[in-house]
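Heads up, the sequence shown is in the numbering used here, so the first residue is 107 and it goes up one at a time. Structure first, then comments.
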Amino acid sequence: MKKNMIQFQHGESLFGFLKRFGNEEQCRQALFRLRWPNGYRCSECGGQSYCYLRERRLYQCHRCHHQTSLLAGTLFEATKLPLKVWLLGIYLLGQNKDGVSSLNLGRLLGISQNSAWLMKHKLMQAMLEQENHRLLQGRVEVDDAYWGGARRGGKRGRGAPGKYPFVAAVETSEEGHPLFMKCSVVNGFRKQTLEKWAGRLLSARSHVISDALGGFRGIDAAGIEHQALVTGGGADSMEILALQWVNIILGNIKTAMHGTYHAIRGKHLPRYLAEFNYRFNRRFRLEEIVNHLLSDAVRTPPMPQRLVKLAEVAW
Ligand SMILES: [Zn+2]
């Protein structure tokens, strides 16, 4: 699909979305079908016969009397928000290609900014956990980047305090059309760090193109085919062409992050990058993104607030 075809995709209209998920009962039914696609099944004894205890909103197994709620064991566990608010949050997060700030999300959903922040970070964590499984393969363009400062500055490869290094990687077709991306936070651009990064995120069958930053030799050390473009002073046209997609995507992400989020704390950067990875990697199927994110949220284990606020580990 060409770039302009993606931009003009309809996605799902708000009307269409509200028709499917406009009230609490519709949302509960959708969640029920995702949790138990072949009908209710007791997690203790496998029994399929149950009754619904309406007042306490619990499902009780006829055979062993084990009780469970619709939300237990999912990302939504223990939430005080109605499901329809969660679902609308999923819609807003999924359909806006530049993201939604928690301030804006709170206003649109009529909830506090705190609740919106928590909702957004839980959903971004679901995105992160899904994207963690993805390996890039085939032709991959790679570049180094910083969040929170000018790229590289005067000192090549060295970050000043307050800058957070990350690696941008884009898998393309052999003809050079972008397929999937992966932006991931790293502890720096030393060879050993990038060797670990490459071993974890790239398929052994990929062949990688980068510029001549020394740390990218870690990709060779990881046993992956790697071409470092050596250019004489400044970026010449060969380098620009071979790395064009990773540069375009990096530019788009930085513009979107600066425009939508006034401040991203470094420790949360992995989740923000995962949000862009997740949407980009599903951009051909914008109409289905709500369904995908909902089913990913159902499969993501609960995340108490204290865990949401902990720093994530970088490569
Ligand atoms: Zn049972």
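Built from N, CA and C at the ideal position, the CB exists for glycine as well. Because the structure is a prediction, the values reported are computed rather than measured.
Original post:
For histidine 283, which of Val414, Tyr156, Ile355 has the nearest alpha-carbon?
Top reply: Along the sequence shown, read from residue 1 onward, the residue named residue 283 stands at position 177. Ranking Val414, Tyr156, Ile355 by Cα distance to histidine 283 puts Ile355 first.
Original post:
If we count the other Cβ atoms within 10 Å of its Cβ and call it buried at 16 or more, is asparagine 144 buried or exposed?
Top reply: Here residue 144 refers to the residue found at position 38 of the sequence shown. Label assigned to asparagine 144: exposed.
Original post:
Would the beta-carbon of alanine 136 fall within 8 angstroms of that of leucine 400?
Top reply: On the sequence shown, position 30 is the one that residue 136 refers to. On the sequence shown, position 294 is the one that residue 400 refers to. Cβ atoms of alanine 136 and leucine 400: closer than 8 angstroms.
**OP:** Starting from the C-beta of leucine 308, find all residues in its chain whose C-beta is less than 6 angstroms away, skip the five residues before and the five after it, and write them out in chain order.
**Re:** Counting from one through the sequence shown, the residue named residue 308 turns up at place 202. Contacts found: Leu242, Ile330.
Subject >> Three-pair Cβ contact test at 8 angstroms for the region 345-364 versus the region 232-250 >> reply: At 8 angstroms Cβ cutoff, the stretches touch.
Original post:
For tryptophan 223, which residues of its own chain have a beta-carbon under 6 angstroms away from its beta-carbon, when the five flanking residues on both sides are left out?
Top reply: As a working note, residue 223 is residue 117 in the sequence shown. Here tryptophan 223 has Ser208 as same chain residues with Cβ atoms under 6 angstroms from its own Cβ, once five neighbours each way along the sequence are excluded.
Original post:
How about asparagine 383: is its C-beta nearer than 8 angstroms to some C-beta of chain D?
Top reply: Annotation note: the requested chain D is absent from the structure, which comprises a single protein chain.
Subject >> Counted within 10 angstroms of its Cβ, other Cβ atoms place tyrosine 197 as buried (16 or more) or exposed >> reply: Your numbering for residue 197 matches position 91 in the sequence shown. Flag for tyrosine 197 reads buried.
**OP:** Anything with a beta carbon under 6 angstroms from a heavy atom of ligand 1 counts; list them all in chain order.
**Re:** Those residues that bring their Cβ nearer than 6 angstroms to a heavy atom of ligand 1 are Cys148, Glu150, Cys151, Gly153, Cys167, Arg169, Cys170, His172.
Subject >> Proximity winner among Gln166, Tyr384, Tyr158, Arg160, relative to cysteine 151 (alpha-carbon distances) >> reply: Here residue 151 is taken as the residue at index 45 of the sequence shown, counted from 1. Taking only the C-alpha atoms, the option nearest cysteine 151 is Gln166.
Original post:
On the three-state DSSP scale, how would you describe aspartate 204?
Top reply: Indexing the sequence shown from 1 puts residue 204 at position 98. In the structure shown, aspartate 204 sits in coil (DSSP, three-state: anything other than H, G, I, E or B).
Subject >> Three-state class that DSSP yields for arginine 126 in the structure shown >> reply: One-based indexing of the sequence shown puts residue 126 at position 20. Note: arginine 126 maps to helix in three-state DSSP.
Original post:
Cα-Cα, which of Gly122, Tyr252, Gly321 is closest to histidine 364?
Top reply: Along the sequence shown, read from residue 1 onward, the residue named residue 364 stands at position 258. Taking only the C-alpha atoms, the option nearest histidine 364 is Tyr252.
**OP:** Give a single yes or no on whether serine 316 has its beta carbon closer than 7 angstroms to a heavy atom of ligand 2.
**Re:** Inclusion of ligand 2 in the displayed structure is not the case, the ligand content consisting of ligand 1 alone.
Original post:
Taking the alpha-carbon positions, what's the asparagine 220 to alanine 362 distance?
Top reply: Counting from one through the sequence shown, the residue named residue 220 turns up at place 114. Counting from one through the sequence shown, the residue named residue 362 turns up at place 256. As the crow flies, the alpha-carbon of asparagine 220 is around 22 angstroms from that of alanine 362.
Original post:
Mind checking serine 312: buried by the 16 CB within 10 Å criterion, or exposed?
Top reply: For this step, residue 312 is matched to residue 206 along the sequence shown. Sixteen is the threshold: when 16 or more other Cβ atoms of the shown chains lie within 10 Å of the Cβ of serine 312, as they do, the residue is buried.
Original post:
Between lysine 186 and valine 414, is the Cβ-Cβ spacing less than 8 angstroms?
Top reply: Here residue 186 refers to the residue found at position 80 of the sequence shown. Here residue 414 refers to the residue found at position 308 of the sequence shown. Contact flag unset, no.
Subject >> Pairwise C-alpha distance: arginine 371 and glycine 47 >> reply: Only positions 107 to 421 of the chain appear in this structure, which leaves residue 47 out of reach.
Original post:
Count the other CB atoms within 10 Å of the CB of isoleucine 325; is the residue buried (16 or more) or exposed (fewer)?
Top reply: Here residue 325 refers to the residue found at position 219 when the sequence shown is read from its first residue. Buried, by the Cβ-count rule.
Original post:
Shortest alpha-carbon distance to histidine 332 belongs to which of Trp351, Leu347, Ile359, Ala304?
Top reply: In the sequence shown, the residue the question calls residue 332 occupies position 226. The candidate whose alpha carbon is nearest that of histidine 332 is Ala304.
**OP:** Have a look at the DSSP bridge pairing and note the partners of histidine 374.
**Re:** Here the question's residue 374 lines up with position 268 in the sequence shown. In the DSSP assignment, no residue is bridged to histidine 374.
**OP:** Specify the secondary structure class of cysteine 133 as computed by DSSP and reduced to three states.
**Re:** Within the sequence shown, numbered from 1, the residue matching residue 133 stands at position 27. Assignment of cysteine 133 by DSSP, reduced to helix, strand and coil, places it in the helix class.
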